[in-house]
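Peer 1:
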Amino acid sequence: MILRILLHSWKKFRSILLLLATASVLFYYTFENEIEHLNSFAYTDSLPLIQSSVLHGAAGDGSAATAGLSEVSKELTDKSSLSEKNKYFPILLENSNEALEYQLEEYDSKEPFHWFHPFYEKKTIVPYKQVSSQYPTLNSISSIHSNALIKEELLYHWTTRIKRITEYRHLDLQTNLSILSTDSFLQLNESLAIIKPSISTFDDPMDQRLWSSEILGSLVSVLNGKEEKNSALLKLTTEISDMLLRSYDTPNYLPQIPFYWKTTIQNRYAFQKTETSMLATNILEFLQLSHITNNIQLDSVISQTLKTISNSAHLFDIDYLFPAFVDASGCRPLSDEKIAKGEHLRGSNVLKSMQHGKYIQCSIKETLLPPHKMEDNLISLDTTELYLTILKAYHLNNGNLYDKKGAGTSVTKSLLHAIKMINDTMLFRPWLPTDSQQLLLPTSTKTRIHFDVLEDKNEVFIGKEYKVTSEGAKVSSLLTIAGVLFNDTSLINQGKAVAYGYYELFKLLNQIPDSVVLDKSIPDYSTFDARKKIDLIKHTHYKSTNMQHGVKVTENTKEKPKHYTNTDAHAIIPNIEDVNEEQLCWKSHTWPFYVNHMTVSTKPPFELIESLIYLYKVTEDYQWKLIGEDLMHSIEWAQLSVLDTGRLIRLFYALFEDHINIDKFVINSHYHFINRYFEISPTSKQVYQTFSDLI
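Be aware that the sequence shown starts at 1, since it is given in full-length UniProt numbering, and climbs by one per residue.
1. Using DSSP bridges, identify the partner residues of residue 268.
2. Which first and last residues belong to the beta strand (DSSP E) in which residue 337 is found?
3. Run through DSSP, which three-state label would residue 70 get?
4. Span of the alpha helix (DSSP H) holding residue 190?
5. Under the assumption that residue 371 contacts residue 251 (Cβ atoms under 8 Å), give the Cβ distance between them as a whole number of angstroms.
6. Name the two residues that bound the continuous alpha helix (DSSP H) containing residue 506.
7. By DSSP, does residue 679 sit in helix, in strand, or in coil?
8. Do the stretch 444-452 and the stretch 649-666 touch if we need at least three Cβ pairs shorter than 8 Å?
9. Would you report the Cα separation of residue 314 and residue 673, rounded to the nearest angstrom?
10. For the pair the stretch 506-519 and the stretch 588-600, tell me if three or more CB-CB distances fall below 8 Å.
11. Suppose only complete runs of 4+ residues qualify. What are the alpha helix (DSSP H) ranges in the stretch 346-405, listed by chain order?
12. Here's the rule I'm using: 16 or more other beta-carbon atoms within 10 Å means buried, otherwise exposed. How should residue 703 be labelled?
13. State buried or exposed for residue 667, treating a residue as buried only when at least 16 other CB atoms are found within 10 Å of its CB.
14. If you drop the 5 nearest sequence neighbours on each side, which residues of the same chain put their C-beta closer than 6 Å to that of residue 380?
15. Is the beta carbon of residue 271 closer than 8 Å to that of residue 83?
16. Do you know how far the Cα of residue 628 is from the Cα of residue 688?
17. Return the chain-ordered ranges of every beta strand (DSSP E) run that is complete within the stretch 427-454 and spans a minimum of 3 residues.
18. Considering Cα atoms alone, identify which of 141, 194, 425 and 467 is closest to residue 321.
19. According to DSSP, which residues form a beta bridge with residue 130?
20. Using three-state DSSP, classify residue 322 as helix, strand or coil.
21. Mark residue 361 as exposed unless 16 or more other C-beta atoms lie within 10 angstroms of its C-beta, in which case mark it buried.
22. Rounded to the nearest angstrom, how far is the Cβ of residue 223 from that of residue 234, given a contact under 8 Å?
23. Restricting to Cα atoms, I'd like to know which of 657, 683, 691 and 693 is closest to residue 142.
24. Check whether the Cβ atoms of residue 280 and residue 390 lie closer than 8 Å to each other.
25. Counting beta carbon pairs with one atom in the stretch 290-309 and one in the stretch 344-355, are three or more of them shorter than 8 Å?
26. Going by beta carbon distance, what residues of the same chain come within less than 6 Å of residue 86, once the five residues before and after it are set aside?
27. If I measure Cβ to Cβ from residue 165 and keep anything under 6 Å in the same chain, skipping five residues before and after, which residues do I get?
28. How many Å lie between residue 639 and residue 609 at the Cα?
29. From the DSSP output, read off the bridge partner residues of residue 274.
30. Would you kindly check if the distance between the Cβ of residue 607 and the Cβ of residue 471 is under 8 Å?
31. In angstroms, rounded to a whole number, what distance separates the CA positions of residue 77 and residue 330?
32. Report the partner residues of residue 461 according to the DSSP bridge assignment.
33. Between residue 694 and the rest of its own chain, which residues show a CB-CB distance below 8 Å, the 5 nearest in sequence each way excluded?
34. Helix, strand or coil, according to DSSP, for residue 311 in the structure here?
35. Got a sec? Which residues, its chain only, sit under 8 Å from residue 384 by beta carbon, not counting five neighbours each side?
36. Which stretch, first to last residue, makes up the alpha helix (DSSP H) that contains residue 290?
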């Protein structure tokens, strides 16, 4: 009896054991398949790659993982297999030149646009159109001057240039839309019926200019609240904005600039070397379109871009200011040592990626990263475009930059700090053969940082190059607008001084050069003195610099407080052998002796003219119109392209037409005028920040 019970129990146990073994095998293979399935979709969910060797208890030296990656990397050198792998793993490119290697001129994508962002920022609780009575106004024009003759002259220049066009259909989209934008601003409607048939359909063969805000800005300025009358233009605008949104389809949602879309390699990071001035590309246009279409994804990319910029405020040498180039990819590749320790398995923000024909593991950061392989960080004057665009976005959105209550960082406060830093670190008094006491000019700077062990702080040396570019005139617009919107009249005065500085250059050189290297004003020599300059050259004045090396800043010292020291970092070091001491001039250059180097002008002074608009509308001082008239009469109109003619006409017309209220428009980076909509709400209690809030 006992034997029979034992035999029966053994048979049951054996059946259960067999069932468990079968279930274990099935579970094993199911689990393996699930791992492969998760890995295949890692690029969309930002999941780390799961290594089987680690899960199975293999040795933790990372050798197996490294070998696996090496084998697979052979497939990444062939473009056809790379295209397939790119569906699952994003590719990390250093710059746009690398992107060109994967460009296909005949590529014709018919894939529908897909919404890609996993987050959608809701509209601010206060409707964007409503502002309180406390919101500042830029426009201070109280008396109207007709300036009829000047406006007639401008219209003559425009109609003369348009009459030279024989066939609009032979013009590219960019030029046609620029004509529409100018005619719309001048309230001329003749070109709409002629141009509309050739631009009303979007037939894919857009070239690489599509990434810029020029085309989209033209369309948005033409719409300007008239979308119900221009449904075809609105449709085209929406299609182009949808295409541009694809450039933001990156792991950290920052745009690829320039955006090369004719390629099968579409799953990409933003470039490791991105021009800082381009980071805010399309923000004004997207913001206006979000107002018109209520497309929440447009708000989403604007909000994420601004948030990333604000989060990066303390990661570079000068707080709140960024160098000419930044790493916008957000990818910080993990070292072999960290991968061997399995760090790529522990964080959900690690993404398996491709670079230079190999697999890498990227730790995704929600910030900009410092540029690679740069000893001195150059802050060029064209970076002003970033801060000016964000400032205009603040005005276009009626004092809203998607700041959230209780958030650790504030986009608006970061902007205010950046403007103060530009005012404090990037201006100088030039040494010119004129009374330069009231003149200021902006300069590019170089920075170098080292850790001071004794003082337990980071020492940041800011070296002024005294190199002035035409783009730097935007600093005048930046300071003038900020001075009004954030209640600091001293900045308006600084904006005036910068505009005076550029106009003085124009009078002295008969142009505003693309770039010019000058000297800073010397104590006791407010007016340029040639013999004193020769003495400075002989005594190595230009070679002196405090941009010395020190103790390297490490991860442990990055959070230490910073101390800023202004110094010289002359872009050009003159040699006495190049000087004709008798005639007090350069031996081999035709430019004046007070100029150390110069690149002649290749374009009209758009940036200075824009600053004159703001200065006149804010101060109602007629001298800014007189300066504008002087500039207008110096231009060789017959030599200009349609695009440049349109830009100048729009800018000059805004300056001389007093009925144009600068509070009702925002000027984008290509000088299209975008309507600003606002309603004064008596019940609104919104409080707007000022510079005093930073104290």
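For each residue, glycine too, the CB sits at the ideal point set by N, CA and C.
Peer 2: Taking the geometry as given:
1. According to DSSP, which records beta bridges pairwise, residue 268 is partnered with 91.
2. Counting along the chain, residue 337 falls outside any beta strand (DSSP E), though it belongs to the alpha helix (DSSP H) covering 336-340.
3. In this predicted model, residue 70 has a pLDDT of only 44, less than 50, meaning its place in the structure is not dependable; the value taken from the coordinates is given anyway. Looking at residue 70 - three-state DSSP - the assignment turns out to be helix.
4. 190-199
5. A Cβ-Cβ separation of about 19 Å leaves residue 371 out of contact with residue 251 under the 8 Å criterion.
6. Element bounds for residue 506: 489-509.
7. It is a strand residue.
8. no
9. So the alpha carbons of these two residues sit roughly 34 Å apart.
10. Yes: at least three Cβ pairs fall under 8 Å.
11. 384-396
12. Any property of residue 703 remains undetermined from this structure, which presents the chain solely from 1 to 695.
13. Taking all protein chains shown into account, residue 667 has 16 or more neighbouring C-beta atoms within 10 Å of its C-beta and is therefore buried.
14. 324 and 444
15. no
16. Distance between the alpha carbons of residue 688 and residue 628 is about 33 Å.
17. Counting only runs of 3 or more, we get 445-452.
18. 425
19. 679
20. In this structure, residue 322 counts as coil in the three-state DSSP scheme.
21. Residue 361 should be labelled buried.
22. 6 Å
23. The alpha carbon of residue 142 has as its nearest neighbour, out of 657, 683, 691 and 693, the alpha carbon of 657.
24. yes
25. no
26. 265 and 267
27. none
28. 19 Å
29. 326
30. yes
31. Roughly 24 Å separates the two Cα atoms.
32. 448 and 565
33. 413, 416, 417 and 420
34. Look at residue 311 here: in three-state DSSP terms it is helix.
35. 277, 422, 442, 471, 472, 474, 475 and 478
36. 283-293
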